[in-house]
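Asks: Going by our numbering, the sequence shown opens with residue 246, and the numbers climb by one from there.
Ideal Cβ positions, reconstructed from N, Cα and C, are used throughout, including at glycine.
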Amino acid sequence: MAAKGQAGRGARRDRTVQEYQHDTYKQRGKLKEPTVCSGCGALFHKGRWTWGAAPVGAKSTVCPACHRTRDKYPKGLVTITGTFKEQQHEQVQGVIRNAEARERKEHPLSRIMGIERRPEGLVISTTDTHLPRRIGEALKHAYRGELSLHYDHDEDFVRVNWAR
246 MAAKGQAGRG ARRDRTVQEY QHDTYKQRGK LKEPTVCSGC GALFHKGRWT WGAAPVGAKS
306 TVCPACHRTR DKYPKGLVTI TGTFKEQQHE QVQGVIRNAE ARERKEHPLS RIMGIERRPE
366 GLVISTTDTH LPRRIGEALK HAYRGELSLH YDHDEDFVRV NWAR
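This is the structure in structure tokens:
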């Protein structure tokens, strides 16, 4: 079998090269199992974060969601605009909290970091990119309105806007 010694001859050029994506909050390797989060009590078991009782002798660390919350560095934002949010404040808050509870039950790293009133509207910051979409879809399903999603290509970040 002859080796192809010249550069370019026989080399494949149709591969896409994935750029390195830096995420400060991503674990740098596999954690020792079991490991429990000192902030929220989530348990790292069988390669993922779950809810459960920490066994005796479990290691302790801070999970990525608690780390993001402590640093105030969200991974997603939901902005709610329009007069409806003021008229039905309690109901809107209920839909938001229920969407978070459903997501957090299965995914401990999906959390609301904070809810703030800003000039642009009610802004909800989250620790992951899936929860904002779920909150926006829950609001649209419950009250209709206009929903828009924007995923940043350079960063792993999502902005969701809901208006009514």
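Under a Cβ-count criterion, where at least 16 other Cβ atoms within 10 Å of its own Cβ denotes burial, should THR221 be classed as buried or exposed?
Replies: A question about residue 221 goes unanswered here, because the residues of the chain that appear run from 246 up to 409.
Asks: Taking HIS334 as the reference, give the member of GLY286, ARG362, PRO300 with the closest Cα.
Replies: Per the Cα distances, ARG362.
Asks: Once you ignore the five residues that flank GLN272 on each side, which residues in its own chain have a CB closer than 8 Å to its CB?
Replies: So the qualifying residues of the chain are PRO309.
Asks: Output needed for LYS385: all residues of its chain with C-beta closer than 7 Å, excluding positions within five of it in sequence on either side, in chain order.
Replies: Around LYS385: LEU392, TRP407.
Asks: Assign GLU331 to one of two classes, buried (16 or more other C-beta atoms within 10 Å of its C-beta) or exposed (fewer than that).
Replies: Exposed, by the Cβ-count rule.
Asks: Exposed or buried, which one is PRO319 when buried takes at least 16 other CB atoms within 10 Å?
Replies: Buried: at least 16 other Cβ atoms inside 10 Å.
Asks: What are the uninterrupted segments assigned as beta strand (DSSP E) that are 3 or more residues long and contained completely in the region 328 to 400, given in chain order?
Replies: Those beta strand (DSSP E) runs which fall completely within the region 328 to 400 and span 3+ residues are 357 to 363, 366 to 371, 391 to 397.
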